[in-house]
Each structure stands twice: as C-alpha cells, then as structure tokens.
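Note that full-length UniProt numbering has the sequence shown beginning at 1, numbered continuously upward. Using N, Cα and C, we set each Cβ at its ideal position, and we do this for glycine too. Nothing here was measured: the structure is a model prediction, and the numbers come from that model.
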Amino acid sequence: MATTDTPAAIEIASLHDLHAEAAAIQTHFKDKESEFNWEARESSIIRLRAILHGNASQTWPDEFAHDIHNLTDAILKGLQSLRTTLSLATLALIADLGSYLGSHLDNYTFDTLLQNLLRCALLSKRLVSTASMTATVTFLTETPFHSKVMSHISALSNDKSIQARQFAFAYACSFAQAHGAKSKGPFEKSGGIDLFSKMIQKGLSDAAPAVRSSAREGFWVFQSLWKDRGDK
C-alpha cells in the first residue's frame, strides 16, 4: 500500500486500548531517526491514520485529541523525516487529523502542526512540497477558525522563496473561502482581511510572474467575499 492511500479503518474496543495504541506509537519516536527505526515509524503513522478512520474519533474525540497532543513531537519527527515515504505518510495523517478531529484539537496542537506544515512550502523536494500544499489546505479548511492563521500565512508570503510566496496565496484563498464567508466578523476583527489585502497589494508587484499570477487569483477571491474593499 502506498503511504498516502487511505488505510483500512481500525476499530478500537475501549478507551484503555486507545491510550495503549498511542503509547505504543510513542515508543518508536524516542530516539533519533535511523535506518533501523524509520520503517517502524512509518508503520506507526499509517496505523494512527487507520485508527482515525475507525470509531475512536467519534467515540472518544476529546480523549483521542489529547493523545494526539502528546504525540505532537512524534508527528513532527515524521513530518521532518528525510525519508520521503515517511514524510508523505505524516502529511496524510495531519490532513486526516483536520478532517476527523479538527474541532477537538487544542490550540497548541493546532498551531504547532500548522506552523510546521507551512514550513514545508520551503522544501525543494517537489513531491513532498506538493503533498504539503494539499495537506495544508485540507487542515486549514477542515479545522475551525483560528485568529492567528492569517498572521502565519502573511509571514510566509514575505519569504524569499518564490514557491513559499505562491503557496501563501493558495493558503490565504482557501482559508478565506472556508472561514471568511461564514465567519466574516471573526475574520475581520482578527485583522485577517487587512493582512489578506496587504498580501495581494504586495503580491501584484512581486518580481516573480508566478507570484503575481497567484496574487491576481487571490484578489478575485478577496473581491468575491468583500466586494466593497475589493472595488477600492
């Protein structure tokens, strides 16, 4: 099975068993990654995805989210792995976390995962960076509104990497479309609309044609949500 294929769901019999699964996964990430443990790490990540697809995320969502909180460092090690298949499997896991436990993740877990996802926009390995964009868009759109998100995206849009600036517009558009339309008040009060506007204005004069194109796409999303501001 490819690392990004949807795994067969694993049903968990009890909360005790769920905690035991999380503890077992934790043991594979204690030491530094090596040629002797990376496959076990990948298998653990895939198993965690399978558990997410089972009954546990609906039966014990808060307790499961707490286990994920405790596994955050392990997940980041998987994400930052030099083994492509392990990092891809971890990206698929994070996307699923947004879909299955998004509203139950605490602020620390959400913010830590998001910031590390955004850093993947700087990766030169095309396969991983492209997968990171897909995972990040899913994570941003499936989780509830968080006021700091646009600040993180805005910071990415100022990076020296052309790819990072392009990705930033994809994220800003996805986040605005998912949350700006239904939560205009929180989006605007958090400063998100101003940050998005500044991103577009700067992006339209970017030295890179690809970024300018992304900024134009961003404008049309902005204008569709805030027509008066867009017209100005």
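- Per DSSP, reduced to three states, the secondary structure at Pro144 is coil, with no helix or strand assignment.
- A Cβ-Cβ separation of about 5 Å places Leu93 in contact with Arg49 under the 8 Å criterion.
- Under the three-state reduction of DSSP, Asp67 is assigned to helix.
- In the three-state DSSP reduction, Trp60 falls in the coil class, being neither helix nor strand.
- For the set Phe139, Gln26, Thr84, Arg212, the Cα lying nearest the Cα of Asn70 is the one of Gln26.
- For Leu105, the CB contacts under 6 Å within the same chain, skipping 5 residues up- and downstream, are Ala65 in chain order.
- Apart from the 5 residues on each side of it in sequence, Ala56 sits with its Cβ closer than 6 Å to the Cβ of Ile12, Leu18, Phe64 in its chain, given in chain order.
- Secondary structure note for Pro209: its alpha helix (DSSP H) is the uninterrupted segment 209–225.
- In this structure, the beta-carbon distance from Thr141 to Ser183 does not fall below 8 Å.
- Check the Cα spacing between Met133 and each of Arg165, Lys148, Ser103: the tightest is with Arg165.
- Beyond the five residues adjoining it in sequence on each side, His179 comes within less than 7 Å, by CB distance, of Phe145, Phe187 in the same chain, given in chain order.
- By the CB criterion at 8 Å, Phe167 and Ser197 fall outside the cutoff.
- The shortest CA-to-CA distance from Ser43 to any of Leu15, Pro61, Ala74 is the one to Ala74.
- Shortest Cα-Cα distance from Gln163 to any of Ser213, Ile193, Ala40 involves Ser213.
- Between Arg41 and Ile10, the C-beta spacing is not below 8 Å.
- In this structure, the straight-line span from the alpha carbon of Thr109 to that of His16 is close to 22 Å.
- By the 16-neighbour rule on beta-carbons within 10 angstroms, Trp220 is exposed.
- Contact check for Thr112 and Ile45: beta-carbon distance about 16 Å, past the 8 Å limit, so the pair fails to qualify.
- For Ala8, the closest alpha carbon among the candidates Asp67, Ser205, Arg119, His53 is that of His53.
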